[in-house]
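Chemist: At position 60 of the sequence shown the residue is numbered 67 (my numbering), and the sequence of numbers has no breaks.
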Amino acid sequence: MGLIDTHCHLYLEEFDPEQDELVRTARASGIEALVLPNVDLTTIDRMHALCDRFPRFAFPLMGLHPTSVGTDYICMLQEIEHHLSRRKYHGIGEIGIDLYWDKSHLREQRIVFEEQLRWSIDLDLPVAIHTREAYPEVMESIHKIGADRLRGIFHCFTGTRDELADILPLGGFKIGIGGVITFKNSKLADTIREIPLDRIVLETDAPYLAPVPYRGKRNEPTYIWKTAEKVAETFGRTLEETVKTTRKSALELFKNIKTGE
8 MGLIDTHCHL
18 YLEEFDPEQD
28 ELVRTARASG
38 IEALVLPNVD
48 LTTIDRMHAL
58 CDRFPRFAFP
68 LMGLHPTSVG
78 TDYICMLQEI
88 EHHLSRRKYH
98 GIGEIGIDLY
108 WDKSHLREQR
118 IVFEEQLRWS
128 IDLDLPVAIH
138 TREAYPEVME
148 SIHKIGADRL
158 RGIFHCFTGT
168 RDELADILPL
178 GGFKIGIGGV
188 ITFKNSKLAD
198 TIREIPLDRI
208 VLETDAPYLA
218 PVPYRGKRNE
228 PTYIWKTAEK
238 VAETFGRTLE
248 ETVKTTRKSA
258 LELFKNIKTG
268 E
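(1) May I ask you to verify whether the region 130-139 touches the region 219-237, counting CB pairs closer than 8 Å and requiring at least 3?
(2) Based on the DSSP secondary-structure assignment, which residues constitute the bridge partners of Gly-159?
(3) Just the C-alpha distance for Leu-216 and Met-69, rounded to the nearest angstrom, thanks.
(4) Report yes or no: do the region 192-205 and the region 239-255 share at least 3 C-beta pairs separated by less than 8 Å?
(5) Sorted by chain position, which residues of the same chain lie with C-beta nearer than 7 Å to Thr-13's C-beta, five sequence neighbours on each side aside?
(6) DSSP has Met-69 in a bridge; who is on the other side?
(7) If contact is defined by three or more beta carbon pairs under 8 Å, each pair taking one atom from either stretch, is the region 136-145 in contact with the region 76-92?
(8) Does the Cβ of Gly-267 have 16 or more other Cβ atoms within 10 Å, making it buried, or fewer, making it exposed?
(9) According to DSSP, is Leu-216 helix, strand or coil?
(10) Could you check what DSSP says for Asp-12 in three-state terms: helix, strand or coil?
(11) Please report the straight-line C-alpha distance between His-112 and Tyr-80, rounded to a whole angstrom.
(12) Using DSSP with H/G/I as helix, E/B as strand and the rest coil, what is Leu-258?
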């Protein structure tokens, strides 16, 4: 029984030409599967290529990342939707709202996010939600489209206890925990300590947000073990218990993932 990385961008050029070797290293370390959210139209072919090489280890999601949303969002969204009928995907993502860098496209981001939430309901697929400086806006859209009909992950959660308290009643959603929990000044461990461990899933967000002691370097799939160790410590569980529980939670969301050689 292995660990599942529920959010990894191993197909990005930051990993060229090492993707295959990193997959072998990840498998050898005890990682069972990588879930690969898409970013935009430019990343689809790279993502597919990696998943085709490792069809029972790397599993694609399809979606349009909020920071890629601009004035041409209608055409981009149509192309993303068209891909959903071309092959099997295991979720809709990476989607959401991000107001950290640019607030000028909030309207477009909201439209794109809500349309992709509708796809997830229609296709019965989980969502990988990105929210940065936009928590109220994201929650408003979730409730507007149908919180009781959605399931997925609040990817790379770094929010407050109040925000966590808003999410927990949404029974279809898990909390994605990555390398930030290992950072020296992070309050994330204290924030999540009192919630049930089975609401947690693990992720890297590779190549971003590498855990300590790799902070500041390119994140890699095997580094997720450092995050798993910190989560186990936070909840007072063994590493084995933590891996088993978070794996089960991940597979409850990604129901059609089948791993193995």
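Just so it is clear, CB atoms sit at the ideal spot from N, CA and C, and this is done for glycine as well.
Modeler: To lay it out plainly:
(1) no
(2) Locating residue 159 in the sequence shown gives position 152, where the first residue counts as 1. Gly-159 pairs with Val-134, Phe-180.
(3) The residue given as residue 216 occupies position 209 in the sequence shown. The residue given as residue 69 occupies position 62 in the sequence shown. When rounded, the distance between both Cα atoms is 22 Å.
(4) yes
(5) In the sequence shown, counting from the first residue as 1, residue 13 sits at position 6. Around Thr-13: Val-42, Ile-160, Gly-183, Val-208, Leu-209, Glu-210, Ala-257.
(6) Residue 69 sits at position 62 when you count from the first residue of the sequence shown. Per DSSP, Ile-99.
(7) no
(8) Against the sequence shown, residue 267 aligns to sequence position 260. Classification for Gly-267: exposed.
(9) Position 209 of the sequence shown holds residue 216. Correct three-state label for Leu-216: coil.
(10) As a first step, residue 12 is located in the sequence shown; it is residue number 5 there, counting from the start. It is a strand residue.
(11) In the sequence shown, the residue the question calls residue 112 occupies position 105. In the sequence shown, the residue the question calls residue 80 occupies position 73. Roughly 10 Å separates the two Cα atoms.
(12) One-based indexing of the sequence shown puts residue 258 at position 251. Reduced to three states, the DSSP call for Leu-258 is helix.
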